[in-house]
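Those protein sequences? They're chains A and B, same order as listed.
So the first sequence is numbered by our numbering: it starts at 6 and just counts up by one.
So the second sequence is numbered by our numbering: it starts at 16 and just counts up by one.
Where a beta carbon is used, it is the ideal one built from N, C-alpha and C, also for glycine.
Here the structure is a predicted model, which means the values were calculated and not measured.
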Amino acid sequence: DTGVSQDPRHKITKRGQNVTFRCDPISEHNRLYWYRQTLGQGPEFLTYFQNEAQLEKSRLLSDRFSAERPKGSFSTLEIQRTEQGDSAMYLCASSFNRGLSTDTQYFGPGTRLTVL
Amino acid sequence: KQEVTQIPAALSVPEGENLVLNCSFTDSAIYNLQWFRQDPGKGLTSLLLIQSSQREQTSGRLNASLDKSSGRSTLYIAASQPGDSATYLCAVNGNQFYFGTGTSLTVIP
Numbered sequence: 006d007t008g009v010s011q012d013p014r015h016k017i018t019k020r021g022q023n024v025t026f027r028c029d030p031i032s033e034h035n036r037l038y039w040y041r042q043t044l045g046q047g048p049e050f051l052t053y054f055q056n057e058a059q060l061e062k063s064r065l066l067s068d069r070f071s072a073e074r075p076k077g078s079f080s081t082l083e084i085q086r087t088e089q090g091d092s093a094m095y096l097c098a099s100s101f102n103r104g105l106s107t108d109t110q111y112f113g114p115g116t117r118l119t120v121l
Numbered sequence: 016k017q018e019v020t021q022i023p024a025a026l027s028v029p030e031g032e033n034l035v036l037n038c039s040f041t042d043s044a045i046y047n048l049q050w051f052r053q054d055p056g057k058g059l060t061s062l063l064l065i066q067s068s069q070r071e072q073t074s075g076r077l078n079a080s081l082d083k084s085s086g087r088s089t090l091y092i093a094a095s096q097p098g099d100s101a102t103y104l105c106a107v108n109g110n111q112f113y114f115g116t117g118t119s120l121t122v123i124p
């Protein structure tokens with residue numbers, strides 16, 4: 006297994022455009038997380054899935070953001086009508102969940118978004 | 016809302032020194048706490064995970080402790096090396112996941 010992968014690694018877009026990012030988790034992991042990280046800050050939680058169900062969403066996730074994990078495998082994060090404030094590194098992580106506890110989160114390399 | 020604080024924000028030590036990084040959190044109702052390292056421009060690498068029922072975890076030169084009642088965790092790095100230079104982040108897992116802002120560590124050869 007090659008770990009968590011994210012595509013693209015870099016995305017430059019103009020304000021107002023829509024962008025979509027993809028995350029492929031470690032194959033046997035049932036949980037998938039999305040985070041956003043800006044320079045000098047720790048990652049901020051956006052949302053997570055257990056299998057195909059989206060269980061938690063942060064208030065940071067405005068209505069311009071939508072995430073899916075249609076078959077419980079890969080996930081997409083779409084940002085509509087991008088704004089300059091959306092510029093950040095978008096990180097994906099996966100883990101295996103056992104009941105209330107969770108195993109170690111493994112992170113992908115991230116997608117760096119720049120909105121001009 | 017859970018607040019996670021890491022002190023110090025930056026630390027510079029000579030090679031070979033032992034050091035302690037601190038993490039504090041405001042809500043003790045957590046499932047676990049995880050320590051990560053992040054190299055510049057890269058994703059996060061997991062170092063240690065401590066479940067809420069545990070007091071400490073060890074991996075090689077790293078030892079992490081958890082005192083849930085006081086809302087504190089420490090990461091102890093023994094015999095530091097230049098390759099340990101990175102930002103170290105702690106994250107607490109409650110209903111959501113909250114990260115601290117990290118401690119930037121520089122180990123000077």
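Does the distance from the CB of residue i to the CB of residue j come in under 8 Å?
| i | j | result |
| --- | --- | --- |
| Leu-51 (chain A) | Leu-65 (chain A) | yes |
| Leu-37 (chain A) | Phe-26 (chain A) | no |
| Gly-21 (chain A) | Thr-119 (chain A) | no |
| Ala-101 (chain B) | Phe-114 (chain B) | no |
| Leu-1 (chain B) | Ile-65 (chain B) | Any answer about residue 1 (chain B) is impossible in this case: the structure gives chain B only from 16 up to 124. |
| Gln-89 (chain A) | Ser-100 (chain A) | no |
| Asn-35 (chain A) | Gln-85 (chain A) | no |
| Ser-95 (chain B) | Lys-83 (chain B) | no |
| Pro-75 (chain A) | Glu-57 (chain A) | yes |
At the 8 Å Cβ level, is residue i part of the contact set with chain A, yes or no?
| i | result |
| --- | --- |
| Phe-40 (chain B) | no |
| Ser-61 (chain B) | yes |
| Gly-117 (chain B) | yes |
| Leu-48 (chain B) | no |
| Gly-58 (chain B) | yes |
| Gln-111 (chain B) | yes |
On the DSSP bridge list, what partners appear for residue i?
| i | result |
| --- | --- |
| Glu-71 (chain B) | B:Ser-80 |
| Gln-11 (chain A) | A:Cys-28 |
| Leu-120 (chain B) | B:Leu-26, B:Ala-101 |
| Arg-87 (chain B) | B:Ser-39, B:Asp-82 |
Please report the Cβ distance between residue i and residue j, rounded to the nearest whole angstrom; I am assuming they are in contact, meaning their Cβ atoms lie under 8 Å.
| i | j | result |
| --- | --- | --- |
| Tyr-91 (chain B) | Val-35 (chain B) | 5 Å |
| Pro-124 (chain B) | Glu-32 (chain B) | With a Cβ gap of about 12 Å, Pro-124 (chain B) and Glu-32 (chain B) do not count as contacting. |
| Thr-60 (chain B) | Phe-51 (chain B) | 6 Å |
| Gln-42 (chain A) | Ala-93 (chain A) | 6 Å |
Between residue i and chain B, is there a C-beta pair that is closer than 8 Å?
| i | result |
| --- | --- |
| Pro-48 (chain A) | yes |
| Ser-71 (chain A) | no |
| Tyr-95 (chain A) | no |
| Ser-80 (chain A) | no |
| Thr-109 (chain A) | yes |
| Pro-30 (chain A) | no |
Worksheet item: Going along the chain, which unbroken runs of the alpha helix (DSSP H) with 4 or more residues stay wholly within the stretch 31-105 of chain A?
Response: none
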